[in-house]
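Q: Okay, so the sequence shown: first residue is 6 according to the working numbering, each after it adds one.
Beta carbons are placed, not taken as given, at the ideal position from N, Cα and C, and that holds for glycine.
Since the structure is predicted, the reported quantities are computational estimates derived from the model, not experimental observations.
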Amino acid sequence: MDQPDGFTTVGEEQKVYRLQRSIYASSKLSEAGTHVGVMISSKTTMILVYTRRSGSLVAYLVLYVDDILLIGNDVKMLGDIKAWLSTQFS
6 MDQPDGFTTV
16 GEEQKVYRLQ
26 RSIYASSKLS
36 EAGTHVGVMI
46 SSKTTMILVY
56 TRRSGSLVAY
66 LVLYVDDILL
76 IGNDVKMLGD
86 IKAWLSTQFS
């Protein structure tokens, strides 16, 4: 891990902040389903993927920066997830 450009303190270039808990895997999102994975392709890019399964029904919530992709094989389940997200993050 490196300090971001413009935030480096002279003489303390090797120091970084240690997180006490994850800031990416929100507890509210964890309640919605199972955290599947985190894909990191550069220092500043992170994709979070969550899934919810109920029998043969499945839904995936993909978060990338400020974009959300919600896909699945059941329209009612997707509507329920959208309604739940609306109540949690409005």
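(1) Residue range of the alpha helix (DSSP H) that residue 80 falls in?
(2) How big is the Cα-Cα spacing for residue 92 and residue 20?
(3) Could you say which of 85, 53, 69 lies nearest to residue 63 if we only look at CA atoms?
(4) In chain order, what residues of the same chain have a beta carbon less than 8 Å from the beta carbon of residue 28, not counting five sequence neighbours either side?
(5) Residues in its own chain within less than 6 Å of residue 79 by CB, not counting five upstream and five downstream?
(6) Report buried or exposed for residue 69, applying the criterion of at least 16 other Cβ atoms within 10 angstroms of its Cβ.
A: If we stick to the structure as given:
(1) In the sequence shown, counting from the first residue as 1, residue 80 sits at position 75. 80-93 is the span of the alpha helix (DSSP H), which, as asked, contains residue 80.
(2) Position 87 of the sequence shown, counted from the first residue, corresponds to residue 92. Position 15 of the sequence shown, counted from the first residue, corresponds to residue 20. So the two alpha carbons sit approximately 39 Å from each other.
(3) Numbered from 1 along the sequence shown, position 58 holds the residue referred to as residue 63. If we check each option's Cα against that of residue 63, 85 comes out closest.
(4) For the purposes of this step, residue 28 is identified with residue 23 of the sequence shown, where counting begins at 1. In this prediction, residue 28 has a pLDDT of 49, which is less than 50 and means its spatial position is unreliable; nothing more can be read from the coordinates.
(5) On the sequence shown, residue 79 is found 74 positions in, with the first residue counted as 1. Closer than 6 Å at the Cβ level, and outside the excluded window around residue 79, lie 62.
(6) Reading the sequence shown from its first residue, position 64 is the one you call residue 69. Classification of residue 69: exposed, given that the 10 Å Cβ count is below 16.
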